[in-house]
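These notes are about the structure you will find just below.
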Amino acid sequence: DTAVSQTPKYLVTQMGNDKSIKCEQNLGHDTMYWYKQDSKKFLKIMFSYNNKELIINETVPNRFSPKSPDKAHLNLHINSLELGDSAVYFCASSPGWKNIQYFGAGTRLSVL
Amino acid sequence: DAKTTQPTSMDCAEGRAANLPCNHSTISGNEYVYWYRQIHSQGPQYIIHGLKNNETNEMASLIITEDRKSSTLILPHATLRDTAVYYCIVRTPRDSGGSNYKLTFGKGTLLTVNP
Chain A
34 DTAVSQTPKY LVTQMGNDKS IKCEQNLGHD TMYWYKQDSK KFLKIMFSYN
84 NKELIINETV PNRFSPKSPD KAHLNLHINS LELGDSAVYF CASSPGWKNI
134 QYFGAGTRLS VL
Chain B
150 DAKTTQPTSM DCAEGRAANL PCNHSTISGN EYVYWYRQIH SQGPQYIIHG
200 LKNNETNEMA SLIITEDRKS STLILPHATL RDTAVYYCIV RTPRDSGGSN
250 YKLTFGKGTL LTVNP
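Given below as structure tokens:
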């Protein structure tokens, strides 16, 4: 019954690798988001999709590429991972204009 | 974008009311105040939001001053499970307008509920 689910929960990988994080929501929401929370605990938005269309892209390196196969899924692919990519990544969804966002449990990415 | 100022940390005794303040003196007329919290190692959780009137739901109450320059989140009977970082956020509209907004999280207030 998890509303917003992310996989994997933990991801440990080497520098230079390519990895993906998956997100699915079963709330019927139109809008999905990716946030990054760094070691200082700042939570920053990276991307937002509405009905599979990219609407927010916040100064994120183009090594990060979101993909939305349908409005219930928003995946995040990261190429050529760097040490600075180590963080917790949160997926969220919202029912459009109400902007009450529901967050997943997060994916803790560690780049070694 | 309207900025918010919150105390870095607060303590509260279990069973007592927790009152978390937030200043947002540059808020504009059509911006809402949202409150979220993040319990350790979990994703943020929506609590409540409001525009100008006081609001109450099953989790908390939100008191917004008449000039809208500050607000207070009230947890009426704090429990140990309410220990979390609480974020006061003023909703920022998309640059190009439209119905999809982004939330900008600040540092928040770490509320520690003590037994």
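Just so you know, the sequences run in chain order A and B. Just so you know, we're using the working numbering here: the first sequence kicks off at 34 and counts up by one. Just so you know, we're using the working numbering here: the second sequence kicks off at 150 and counts up by one. Ideal Cβ positions, reconstructed from N, Cα and C, are used throughout, including at glycine. Here the structure is a predicted model, which means the values were calculated and not measured.
Gly178 (chain B) has a beta carbon lying at 9 angstroms or more from every beta carbon in chain A. In its chain, beyond the 5 residues on either side, Asn108 have a beta carbon closer than 6 angstroms to the beta carbon of Lys100 (chain A).
Think of a sphere of 9 angstroms around the beta carbon of Gly139 (chain A): the chain B residues whose beta carbon falls inside it are Ser190, Gln191 and Gly192, in chain order. Neighbours of Gln58 (chain A) across chain B, judged by C-beta separation under 7 angstroms, do not exist; the nearest C-beta is about 12 angstroms away. Between Gln187 (chain B) and Cys237 (chain B) a beta carbon distance of about 13 angstroms is seen, past the 8 angstroms cut, so the two are scored as non-contacting.
Secondary structure of Asp231 (chain B) (DSSP, three-state): helix. Excluding sequence positions up to five before and after Gln70 (chain A), its CB lies within less than 7 angstroms of the CB of Leu76, Ala120, Val121 and Phe123, all in the same chain and listed in chain order.
The beta carbon of Leu259 (chain B) is closer than 6 angstroms to those of Ser158 and Val234 in its chain, skipping five residues each way along the sequence. Using a CB distance cut-off of 9 angstroms, Phe75 (chain A) counts as an interface residue toward chain B.
For Tyr66 (chain A), the closest C-alpha among the options A:Arg96, A:Gly137 and A:Ser113 is that of A:Gly137.
9 angstroms or more divides the Cβ of Tyr185 (chain B) from the Cβ of Arg240 (chain B). Within the stretch 42 to 54 of chain A, contact with chain B at the beta-carbon level (separation under 7 angstroms) is assigned to no residue. Taking a Cβ-Cβ threshold of 9 angstroms, the residues of chain B close to Phe136 (chain A) are Tyr185, Gln187, Gln191, Gly192, Pro193, Gln194 and Tyr195, in chain order. Across the stretch 116 to 129 of chain A, CB contacts with chain B closer than 9 angstroms involve Val121, Phe123, Cys124, Ala125, Ser127 and Gly129, in sequence order along the chain. The DSSP assignment places 167 to 172, 182 to 187 and 194 to 199 as complete runs of the beta strand (DSSP E) inside the stretch 160 to 208 of chain B, in order along the chain (cut-off: 3 residues). Look at the beta carbons and you see the stretch 157 to 172 of chain B not touching the stretch 88 to 97 of chain A: under three pairs across the two are nearer than 8 angstroms.
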